[in-house]
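This report concerns only the one structure given below.
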Amino acid sequence: MPNRIQEAFAKKGQNLLNVYFTAGYPKLHDTIPLIEALTEAGADLIEIGMPFSDPLADGPVIQQSSSVALANGMNLYVLFDQLKEVRAKVPDTPLLLMGYLNPIMQFGMEKFCQAAAEAGVDGLILPDLPLVEYEQEYQSIFKKYNLQPVFLITPQTAPQRIQHMDTLTDAFLYLVSGPGTTGGANTQAEGVQEAYFERIAGMNLRNPRLIGFGIGDKASFKRAASHAHGAIIGSAFIRALEDAPDAPAAAKQFVSSILH
Amino acid sequence: MNTTTTSQFQPNARGYYGEFGGAFIPEMLYPNVEELREQYLQILADPAFQAEYQQLLRDYVGRPTPLFEAKRLSARYNTRIYLKREDLCHTGAHKVNNTVGQILLAKRLGKTRIIAETGAGQHGVATATVCALMGMECIVYMGKTDTERQKPNVERMRLLGAKVVAVTSGSQTLKDATNEAIRDWISNPVDTHYIIGSVVGPHPYPDLVARLQSVISEEMRKQLLEKVGRELPDYVVACVGGGSNAAGAFYHFLDEPSVQLVAVEAAGHGIHSGHSAATSVLGTPGIIHGSRTLLMQDEHGQITEPYSISAGLDYPGIGPLHAYLGASGRARFISIKDEDALTAVAECSRLEGIIPALETAHALAALGQLGAGPDDVVVINLSGRGDKDLETYMKYADKLK
Chain A
1 MPNRIQEAFA KKGQNLLNVY FTAGYPKLHD TIPLIEALTE AGADLIEIGM PFSDPLADGP
61 VIQQSSSVAL ANGMNLYVLF DQLKEVRAKV PDTPLLLMGY LNPIMQFGME KFCQAAAEAG
121 VDGLILPDLP LVEYEQEYQS IFKKYNLQPV FLITPQTAPQ RIQHMDTLTD AFLYLVSGPG
181 TTGGANTQAE GVQEAYFERI AGMNLRNPRL IGFGIGDKAS FKRAASHAHG AIIGSAFIRA
241 LEDAPDAPAA AKQFVSSILH
Chain B
261 MNTTTTSQFQ PNARGYYGEF GGAFIPEMLY PNVEELREQY LQILADPAFQ AEYQQLLRDY
321 VGRPTPLFEA KRLSARYNTR IYLKREDLCH TGAHKVNNTV GQILLAKRLG KTRIIAETGA
381 GQHGVATATV CALMGMECIV YMGKTDTERQ KPNVERMRLL GAKVVAVTSG SQTLKDATNE
441 AIRDWISNPV DTHYIIGSVV GPHPYPDLVA RLQSVISEEM RKQLLEKVGR ELPDYVVACV
501 GGGSNAAGAF YHFLDEPSVQ LVAVEAAGHG IHSGHSAATS VLGTPGIIHG SRTLLMQDEH
561 GQITEPYSIS AGLDYPGIGP LHAYLGASGR ARFISIKDED ALTAVAECSR LEGIIPALET
621 AHALAALGQL GAGPDDVVVI NLSGRGDKDL ETYMKYADKL K
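Line by line, the protein sequences are chains A and B.
In this text, residue positions in the first sequence follow my numbering: the first is 1, and each later residue adds one.
In this text, residue positions in the second sequence follow my numbering: the first is 261, and each later residue adds one.
Okay, here's the thing in structure tokens:
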């Protein structure tokens, strides 16, 4: 069954821009206005971060935005309440929820998936959900609610493991650009990184690929997108929102600076 | 050290003790953790590893540590109290048993760079020590609050050649130091081994650390046979932050139901005061630092800031083995308030001439609650010495009179 994520890739094919922001940041009720603004400005996919107190795979910028969002009162109940109106406003944009397992476990995995599906969420990115746990515990629930899992791939991920991940989703594969957490500087020699991107590109995977971590401006977006179907930007966008008096306006300006 | 896996208190293939354990890690850590999981049992069982490990435990750490009959404490509590003197280990605490083993493991895995987290600084010092011994680069993450309350240990680590990174995120204590160490590992996946200091983290760490610390209970059994004519005591008592000294002290008694295992947590200002680290009471199942265990958290799954006067117990979770020991009823948990731990410091110092670490003092403070009789044999794991806590002891001098 085609889903919004597949349709987005089918429609555009390359240079897809996936923008991450933390729900409830900078202000509690910015979530929906930001989704609308990002869509209008041309973002192809939107990743909504569910704030967590101890986000292991994220760097200081996203951790800080999570702390602010939590202090603003964001939690899964508030988020799903906000997302109720999202599909009336952005009917076609693929929406993914990104976050860590613990808050979801307290909410209840099945209840979480049901609420996500009812809100019109298309996919889930849960970095600390291991593949084996997904297959044994949660795959059937994800399928029941037609939610696509997105798996992360690093330069160290073995080829057969990548092939296996590729069979478990109909969304995209998330290529982590190199060692590090989100928002870190790209310290790898350029040739090394490109060899990794090209190695994955040569694997004839079913799913498209987006490159993330350390992508923050037009140049790095173009470079990453040339080795995959597009790229993901998170920390740089959070920084752009930090002191913005008008978050949706800042979002439009940011996306425009990447795409034009 | 135990190298068989038959007991219900051993983790299963996926690293679970009952419902607790597992390996909830981002893909960035998967190759590291998987490499360790595939190799650790084989390496630990290798005779060449064992020979080197046992030799270092004997000649460098100073093992076996004595089992000391504490006669005046025994008279005070009207029972037979023995202190397992881990405070006499090189670097002043049991932590070095584990770091000696893990540095040898890291060498065999071909790693050249070592990272560690530390709360009170005991694990950091033990890691810095073995890195100096082996000529390895060492980076220790420590919450900024802890660098201030445990200054002598920061200076010791620096003298040993380690780089100490003061962590300013979150509550600036052990939980945040652990987050930063994990992030370092994510950023340096090929050359770095993360020496976790407690029985926490993703599988196989809880099992690896428990096995390396199990030398404590292995020695206890032999020493008890010599001193009291039987291998099994009636009680084994140990403090629990993450729980490494308790895991080591309990290990060879886990399948001996006649031995009462007592885990002592920090109640801080009181269990329900809002300033506590009593995870067994306040915790609910959740995921922290890569394993499913008992965890102090709010209704939304956000991790709660713990509190204890003791930096080594100031952690919002416990190891998955301990969560299982509690849930299955195998171990009994007792919570001790800051002020009672301080009283125990004074008591042990005056009655036995041994100044215990603040962490250990919590275990000592549980003596009055055990219900042990005059003929019962009680072994307390004296996990570390109190030199590092002198500044705190001076601050509370009026309570220590």
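Beta carbons are placed, not taken as given, at the ideal position from N, Cα and C, and that holds for glycine.
If you're wondering where the values come from, they're calculated on a predicted model, not measured in any experiment.
Residue-chain proximity (residue i, chain A), Cβ-Cβ < 8 Å
i, result
"SER551 (chain B)", "no"
"SER429 (chain B)", "yes"
"ARG274 (chain B)", "yes"
"ASP458 (chain B)", "Reading off the sequence shown, one finds Ser at residue 458 (chain B), where the question assumed Asp. By this cut-off, SER458 (chain B) is not an interface position."
"PRO271 (chain B)", "no"
"PHE284 (chain B)", "yes"
"PRO291 (chain B)", "yes"
"PRO412 (chain B)", "no"
"ASN439 (chain B)", "yes"
"GLU377 (chain B)", "no"
"MET244 (chain B)", "This structure cannot settle anything about residue 244 (chain B), because the visible part of chain B is limited to 261 through 661."
"GLY384 (chain B)", "no"
Buried versus exposed call for residue i [16 or more other C-beta atoms within 10 Å across all chains shown]
i, result
"PRO248 (chain A)", "buried"
"MET98 (chain A)", "buried"
"THR325 (chain B)", "buried"
"TYR77 (chain A)", "exposed"
"LYS11 (chain A)", "exposed"
"ALA333 (chain B)", "Inspection of the sequence shows that residue 333 (chain B) is occupied by Leu rather than by Ala. Its Cβ being crowded by 16 or more others within 10 Å, LEU333 (chain B) is buried."
"VAL132 (chain A)", "exposed"
"MET556 (chain B)", "buried"
"LEU419 (chain B)", "exposed"
"VAL450 (chain B)", "exposed"
"MET654 (chain B)", "exposed"
"ASN338 (chain B)", "exposed"
"LYS144 (chain A)", "exposed"
"ARG4 (chain A)", "buried"
"LYS597 (chain B)", "buried"
"ALA228 (chain A)", "buried"
"PRO517 (chain B)", "exposed"
"LEU17 (chain A)", "buried"
CB of residue i within 8 Å of CB of residue j, strictly
i, j, result
"ASP406 (chain B)", "ALA571 (chain B)", "yes"
"ASN641 (chain B)", "ALA507 (chain B)", "no"
"ILE125 (chain A)", "TYR174 (chain A)", "yes"
"THR264 (chain A)", "ALA57 (chain A)", "Here chain A has residues from 1 to 260 only, and residue 264 (chain A) is not among them."
"ARG297 (chain B)", "HIS549 (chain B)", "no"
"ILE446 (chain B)", "LYS423 (chain B)", "no"
"HIS350 (chain B)", "ILE476 (chain B)", "no"
"GLY278 (chain B)", "ALA523 (chain B)", "no"
"TYR495 (chain B)", "VAL638 (chain B)", "yes"
"ASP223 (chain B)", "ARG645 (chain B)", "The question about residue 223 (chain B) has no answer, for chain B in this structure spans 261 to 661."
"SER431 (chain B)", "GLY579 (chain B)", "no"
"THR93 (chain A)", "ILE32 (chain A)", "no"
"LEU573 (chain B)", "GLY461 (chain B)", "no"
"LEU147 (chain A)", "GLY184 (chain A)", "no"
"PRO271 (chain B)", "ASP467 (chain B)", "yes"
"ARG416 (chain B)", "THR652 (chain B)", "no"
Cutoff 8 Å: residue i Cβ touching any chain B Cβ
i, result
"LEU152 (chain A)", "yes"
"VAL176 (chain A)", "yes"
"THR181 (chain A)", "yes"
"THR39 (chain A)", "no"
"GLY207 (chain A)", "Reading off the sequence shown, one finds Asn at residue 207 (chain A), where the question assumed Gly. For ASN207 (chain A), the answer is no, since every Cβ of chain B falls outside 8 Å of its Cβ."
"GLY234 (chain A)", "no"
"THR31 (chain A)", "no"
"LEU76 (chain A)", "yes"
"GLY184 (chain A)", "yes"
"THR169 (chain A)", "no"
"GLN156 (chain A)", "yes"
Distance cut-off 7 Å: residue i Cβ against heavy atoms of the ligand ATP
i, result
"GLU133 (chain A)", "This structure lacks the ligand ATP; in fact it carries no ligand of any kind."
Determine, using beta-carbon pairs with one atom in the segment 222-230 of chain A and one in the segment 198-211 of chain A, whether at least three such pairs fall under 8 Å.
Between the segment 222-230 of chain A and the segment 198-211 of chain A there are three or more inter-stretch CB-CB distances shorter than 8 Å, so the stretches are counted as touching.
With a threshold of 8 Å, are at least 3 pairs of Cβ atoms found where one atom belongs to the segment 302-316 of chain B and the other to the segment 481-500 of chain B?
No, because fewer than three Cβ pairs between the segment 302-316 of chain B and the segment 481-500 of chain B fall closer than 8 Å, the two stretches do not touch.
Along the segment 121-138 of chain A, what residues have a CB closer than 9 Å to any CB found in chain B?
PRO127, ASP128, LEU129, PRO130, LEU131, VAL132, GLU133 and GLN136
By the 8 Å beta-carbon criterion, what residues does the segment 551-569 of chain B contribute toward chain A?
LEU555, GLN557, GLU559, HIS560, GLY561, GLN562 and ILE563
In the segment 53-72 of chain A, which residues sit with their C-beta less than 9 Å from some C-beta in chain B, listed in chain order?
SER53, ASP54, PRO55, LEU56, ALA57, ASP58, GLY59, PRO60, GLN63, GLN64, SER67 and LEU70
According to a CB-to-CB cut-off of less than 9 Å, which residues of the segment 82-114 of chain A neighbour chain B?
TYR100, LEU101, ASN102, PRO103, ILE104, MET105, GLN106 and PHE107
Three or more beta-carbon pairs under 8 Å between the segment 298-311 of chain B and the segment 621-639 of chain B, yes or no?
No, the segment 298-311 of chain B does not touch the segment 621-639 of chain B.
Residues, ordered as in the chain, of the segment 329-340 of chain B that lie near chain A by beta-carbon distance below 9 Å
none
Any contact of the segment 558-565 of chain B with the segment 50-66 of chain A, i.e. 3+ C-beta pairs under 8 Å?
yes
Do three or more CB pairs link the segment 21-32 of chain A to the segment 230-243 of chain A at distances below 8 Å?
yes
Residues of the segment 566-600 of chain B with Cβ closer than 9 Å to any Cβ of chain A, in chain order
Legend: CB atoms of the segment 566-600 of chain B lying less than 9 Å from CB atoms of chain A are not found in any residue.
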